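Student:
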Amino acid sequence: MLALARSGTEEGVWLRAERQTGGRGRQGRAWASPVGNLYASTLVRLRASDPQAATLALLTAVALEEVVRAYLPQCHSRESGNPASSSASAERQRDPRFRGDDGARSSLQLKWPNDLLLGGAKLSGILLEGAGDAVVIGIGVNLAHHPTELDRPATSLAAQGVAPDPADFLDTLAEAFALWLARWRGEGLAPIRARWLERAHAVGTALTARLPDGSATDGLFAGLDNDGALILRLADGTTRVIHAADVFLI
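Going by the numbering used here, the sequence shown opens with residue 1406, and the numbers climb by one from there.
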């Protein structure tokens, strides 16, 4: 997708791989890529009036959370009124392939900036890369399989008894992403930030932020600033704004 972005490919194109041989996550980490999971990427052509490019991470996380929730039972009760999402949810309620655990939908949470957790375990990965005036967004979702040898718990939708087809899942995700991208451009970051906070772990959740310089900061989740940066409340009562870090629940 990076090559396509550099060659002038228009916004809105999606690529999906059945499997990857060189998958990677943040900071070049290896990403296991067995058949049955989702490995997809798209690109956004930045415009002068767009919000900050980095906030596409929040947008992508919000769209992905919406789609995953639509694959879990009774999740439509918390949807935003988006007809596409409600329709997708209703169809999955009637489909016998989708038999998620009722407890799973209530434990589906966003963690800054773009991790999606299910029962406290990592379900997906999102990676942004720049290519000229484009941002390439790579998305991996553990649909059928999940790794077991990570520095944090991981899970899959299959572990919850849910069996989405990767191609069908991507169709729904592409639609949700396009709708949220239109809001990002038309309304700014505010609605994305509001939805992200609605679907995140509670204010006051204890977090560790591992910063790019190798240091770590512990604090309590205190929300996001207007630009989408993480706000941590420290032990002395002060707050610290985090713009880049690996964040872990304590």
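Heads up, the beta-carbon is just placed ideally off N, CA and C, and yes, glycines get one too.
Since the structure is predicted, the reported quantities are computational estimates derived from the model, not experimental observations.
What whole-angstrom Cβ distance do R1645 and L1654 have, given they're in contact under 8 Å?
Tutor: To locate residue 1645, count along the sequence shown from 1; it is residue 240. To locate residue 1654, count along the sequence shown from 1; it is residue 249. The pair is not a contact, with the Cβ atoms about 17 Å apart (cut-off 8 Å).
Student: Give me the residue from D1538, P1456, A1634 with the minimum Cα distance to A1587.
Tutor: Taking the sequence shown and counting its residues from 1, one reaches residue 1587 at position 182. Of the candidates D1538, P1456, A1634, the one whose C-alpha sits nearest the C-alpha of A1587 is P1456.
Student: Based on the DSSP output, what are the partners of G1624 in its beta bridges?
Tutor: Within the sequence shown, residue 1624 is the residue found at index 219, counting from 1. Partner(s): L1612.
Student: Quick one: residues in its chain with C-beta nearer than 8 Å to the C-beta of L1575, no 5 flanking neighbours on either side, listed in chain order?
Tutor: Counting from 1 along the sequence shown, the entry for residue 1575 is found at position 170. So the qualifying residues of the chain are W1419, R1421, L1443, A1445.
Student: Measure the Cβ-Cβ separation of L1571 and Y1476 and say whether it is below 8 Å.
Tutor: As a first step, residue 1571 is located in the sequence shown; it is residue number 166 there, counting from the start. As a first step, residue 1476 is located in the sequence shown; it is residue number 71 there, counting from the start. Checking the sequence shown, residue 1571 turns out to be Pro, not Leu. Their beta carbons are not under 8 Å apart, which means P1571 does not touch Y1476 by this criterion.
Student: Kindly list the residues whose CB is nearer than 8 Å to the CB of L1594, restricted to its own chain and excluding five residues on each side of it in sequence; keep chain order.
Tutor: Counted from its first residue, the sequence shown places residue 1594 at position 189. Once the five neighbours on either side are set aside, the close Cβ partners of L1594 are P1456, Q1457, T1460, L1463, N1631, D1632, G1633.
Student: Using a 10 Å radius around the Cβ and a threshold of 16 neighbouring Cβ atoms, would you call L1637 buried or exposed?
Tutor: Here residue 1637 refers to the residue found at position 232 when the sequence shown is read from its first residue. By the 10 Å Cβ count, L1637 comes out buried.
Student: Span of the alpha helix (DSSP H) holding D1573?
Tutor: What you label residue 1573 is simply residue 168 of the sequence shown in a count that begins at 1. 1571–1592 is the span of the alpha helix (DSSP H), which, as asked, contains D1573.
Student: Going along the chain, which residues of its own chain have a beta-carbon closer than 7 Å to the beta-carbon of Q1514, five neighbours each way excluded?
Tutor: Numbered from 1 along the sequence shown, position 109 holds the residue referred to as residue 1514. Taken in chain order, the residues that qualify are L1522, R1604, A1605, H1606.
Student: I'd like the span of the alpha helix (DSSP H) that includes V1472, first residue to last.
Tutor: Counted from its first residue, the sequence shown places residue 1472 at position 67. Residues 1461–1475.
Student: State the Cα-Cα distance for the pair L1635 and L1602, rounded to the nearest angstrom.
Tutor: By one-based count along the sequence shown, residue 1635 stands at place 230. By one-based count along the sequence shown, residue 1602 stands at place 197. Taking the straight line from one Cα to the other gives about 11 Å.
Student: Confirm, please, whether the CB-CB distance from A1650 to L1616 is below 8 Å.
Tutor: If you number the sequence shown from 1, residue 1616 lands on position 211. If you number the sequence shown from 1, residue 1650 lands on position 245. In contact: L1616 and A1650 (Cβ atoms closer than 8 Å).
Student: What does the alpha-carbon distance come out to for the pair G1441 and D1641?
Tutor: Position 36 of the sequence shown, counted from the start, is the residue given in the question as residue 1441. Position 236 of the sequence shown, counted from the start, is the residue given in the question as residue 1641. G1441 and D1641: Cα-Cα distance of roughly 47 Å.
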